[in-house]
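Worksheet: the structure to be examined is printed underneath.
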Amino acid sequence: MSKHYYTYVPYGRWENTAMPLHVVTTFWATILWLGVTVAMGGYACAAETTGIIKTLQGTVSVERAGTTLPAQLGASVLEADQIVTGGDGSVGVTFQDNSLLSLGPNSRLAIAHFNFDSTTHDGNFETVLTRGKLAVISGKIAKHQQDAMKVRTPSSILGVRGTEFLVEVTAP
Amino acid sequence: MKSLSAAGLLILLTGCASVPVEHAADRVVLLPGPDGRLGKLAVTSSAGATVLDQAYGIAAVSTAGKVANSRGDEAVVRRDFATTLAALPPRPVSHTLYFEHDSDRLTPASEVAAQAILVEIAARPVADIIVIGHTDTVGELVYNDQLSLQRANAVRARLIQLGGAAGRISAAGRGERELAVETRDDMHEPRNRRAELNVR
Numbered sequence: 022m023s024k025h026y027y028t029y030v031p032y033g034r035w036e037n038t039a040m041p042l043h044v045v046t047t048f049w050a051t052i053l054w055l056g057v058t059v060a061m062g063g064y065a066c067a068a069e070t071t072g073i074i075k076t077l078q079g080t081v082s083v084e085r086a087g088t089t090l091p092a093q094l095g096a097s098v099l100e101a102d103q104i105v106t107g108g109d110g111s112v113g114v115t116f117q118d119n120s121l122l123s124l125g126p127n128s129r130l131a132i133a134h135f136n137f138d139s140t141t142h143d144g145n146f147e148t149v150l151t152r153g154k155l156a157v158i159s160g161k162i163a164k165h166q167q168d169a170m171k172v173r174t175p176s177s178i179l180g181v182r183g184t185e186f187l188v189e190v191t192a193p
Numbered sequence: 076m077k078s079l080s081a082a083g084l085l086i087l088l089t090g091c092a093s094v095p096v097e098h099a100a101d102r103v104v105l106l107p108g109p110d111g112r113l114g115k116l117a118v119t120s121s122a123g124a125t126v127l128d129q130a131y132g133i134a135a136v137s138t139a140g141k142v143a144n145s146r147g148d149e150a151v152v153r154r155d156f157a158t159t160l161a162a163l164p165p166r167p168v169s170h171t172l173y174f175e176h177d178s179d180r181l182t183p184a185s186e187v188a189a190q191a192i193l194v195e196i197a198a199r200p201v202a203d204i205i206v207i208g209h210t211d212t213v214g215e216l217v218y219n220d221q222l223s224l225q226r227a228n229a230v231r232a233r234l235i236q237l238g239g240a241a242g243r244i245s246a247a248g249r250g251e252r253e254l255a256v257e258t259r260d261d262m263h264e265p266r267n268r269r270a271e272l273n274v275r
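From first to last, the protein sequence lines stand for chains X and U. Letter by letter, the first sequence follows residues 22 to 193 in my numbering. Letter by letter, the second sequence follows residues 76 to 275 in my numbering.
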């Protein structure tokens, strides 16, 4: 750390002056606080794999924390991801509880919630289909507890009771 | 002139007939399982609800939330959702293979079954495979832990040889800690000398 810092003086000039002790202390305290916050945030947000992409055709992307990644076979799908297919796209995902989901072309699905205890089979699984076509073969979560698996659309909620089904959402 | 207005009326009528009163926002179709077994699906909107429990039963939900039930045609449903259905991953499967006493060699019967099973598994797209080996209660605990892992690894090696991705195939041994058939200690039990394959 330099002993000097730049003080702003009027009319757009920066002046090199000696740094007072309290500024140095505050600086390091801030760095420490930032480090701890980032570490804790990273821990809290440490996203676990919810599913693996098993089939892939055409243009498919995964939107994650504000970035868009091209979907890849064998890649993980995380909670809060959005899966988007293009006009030529389709994708199939196998989830940790053995639920199978697939999307047809021009579809968008958000993985709103996923948690699964592989010992007790407790969990909940909620996806949101905002457009396009979805096929679902429910897995252990839905088998263990009625309505623990849900699919939402802009106009309805589907409560899954151990079953296989199709959903189509037509954009208004 | 008369025929022209008649045609106009016809267009008007058919035009009216093809415009739905309410726009259908969602279509939900219940499918029968592979063994014909049916589950249930509760469909709830802001203005209605229904439970689908018939094969190819359809719930149409309008943008206003109205829920209408109908019975769909299997061929039409499979055609409309052909691309989506084709994209479903293969169903997860489990298999059990049995071994000769104190060996990582499969029994003749399991050897016959293994050919088809292992080829199918290794050919799956990005299959994640867990192989868990087991033993019967003959021998020491520590020895059996080792033997069970050896069995799992033998199966894993064959899957890799058939083209399975090594990074996606894990092997573990449970020794005599998880018997398929409960026995007292030091009991020969062929049904406990096994490896379980969980594939998804």
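The beta carbon of each residue, even a glycine, is placed where N, CA and C say it ideally should be.
Buried or exposed by the 16-neighbour rule on C-beta atoms within 10 Å, applied to residue i
{"i": "residue 107(X)", "result": "exposed"}
{"i": "residue 170(U)", "result": "buried"}
{"i": "residue 259(U)", "result": "exposed"}
{"i": "residue 89(X)", "result": "exposed"}
{"i": "residue 263(U)", "result": "exposed"}
{"i": "residue 140(X)", "result": "exposed"}
{"i": "residue 271(U)", "result": "buried"}
{"i": "residue 230(U)", "result": "buried"}
{"i": "residue 149(U)", "result": "exposed"}
{"i": "residue 94(X)", "result": "exposed"}
{"i": "residue 186(U)", "result": "exposed"}
Contacts of residue i in chain X (Cβ-Cβ under 7 Å)
{"i": "residue 108(U)", "result": "185"}
{"i": "residue 120(U)", "result": "176 and 177"}
{"i": "residue 275(U)", "result": "115 and 119"}
{"i": "residue 99(U)", "result": "191"}
{"i": "residue 104(U)", "result": "186 and 187"}
Under the three-state DSSP convention, the category residue i falls into
{"i": "residue 175(U)", "result": "coil"}
{"i": "residue 111(X)", "result": "strand"}
{"i": "residue 234(X)", "result": "Given a span of 22 to 193 for chain X in the structure shown, any question on residue 234(X) remains unanswerable."}
{"i": "residue 117(X)", "result": "coil"}
{"i": "residue 248(U)", "result": "strand"}
{"i": "residue 242(U)", "result": "helix"}
{"i": "residue 220(U)", "result": "helix"}
{"i": "residue 122(X)", "result": "strand"}
{"i": "residue 274(U)", "result": "strand"}
{"i": "residue 194(U)", "result": "helix"}
{"i": "residue 85(X)", "result": "strand"}
6 Å Cβ shell around residue i - same chain, five flanking residues per side excluded
{"i": "residue 120(X)", "result": "159 and 160"}
{"i": "residue 125(U)", "result": "118, 134, 142 and 144"}
{"i": "residue 164(X)", "result": "183"}
{"i": "residue 248(U)", "result": "208, 220, 223, 224 and 227"}
{"i": "residue 120(U)", "result": "136, 140 and 142"}
{"i": "residue 181(X)", "result": "159, 163 and 170"}
{"i": "residue 103(X)", "result": "84 and 131"}
Close-in-space but distant-in-sequence residues of the same chain around residue i (CB under 8 Å, 5 per side omitted)
{"i": "residue 100(U)", "result": "136, 137 and 138"}
{"i": "residue 147(U)", "result": "104, 131, 132 and 133"}
{"i": "residue 108(U)", "result": "114"}
{"i": "residue 267(U)", "result": "209, 210, 211, 212, 251, 254, 255, 256 and 258"}
{"i": "residue 166(U)", "result": "109"}
{"i": "residue 187(X)", "result": "154, 155, 156 and 157"}
Per-residue contacts from residue i into chain U (C-beta, under 7 Å)
{"i": "residue 113(X)", "result": "162, 163 and 164"}
{"i": "residue 107(X)", "result": "Under the 7 Å cutoff, chain U gives no residues; its nearest Cβ is about 12 Å from residue 107(X)."}
{"i": "residue 95(X)", "result": "201"}
Chain U contact residues for residue i, given Cβ-Cβ distances below 8 Å
{"i": "residue 124(X)", "result": "159 and 162"}
{"i": "residue 182(X)", "result": "114, 115, 116 and 117"}
{"i": "residue 155(X)", "result": "159"}
Cutoff 7 Å; reference residue i; Cβ partners in own chain excluding five residues on either side
{"i": "residue 261(U)", "result": "212 and 213"}
{"i": "residue 111(X)", "result": "78, 79, 123, 124, 125 and 126"}
Partner residues on chain X for residue i, Cβ-Cβ distance less than 9 Å
{"i": "residue 167(U)", "result": "115, 119, 121 and 160"}
{"i": "residue 182(U)", "result": "Correct list: empty, because the minimum Cβ distance to chain X is about 29 Å."}
{"i": "residue 224(U)", "result": "Going along chain X, no residue has its Cβ under 9 Å from residue 224(U), so there is no contact; the nearest lies around 21 Å."}
Proximal residues of chain X, C-beta to C-beta of residue i below 8 Å
{"i": "residue 156(U)", "result": "125, 154, 156, 187 and 189"}
Runs of alpha helix (DSSP H) wholly within the segment 124–189 of chain X (minimum 4 residues, chain order): List check, alpha helix (DSSP H) in window: 161–165.
Segments of 4+ residues assigned as alpha helix (DSSP H) that fall wholly inside the segment 128–179 of chain U: Look at the segment 128–179 of chain U and you find these whole runs of alpha helix (DSSP H), each 4 residues long or longer: 149–155 and 157–161.
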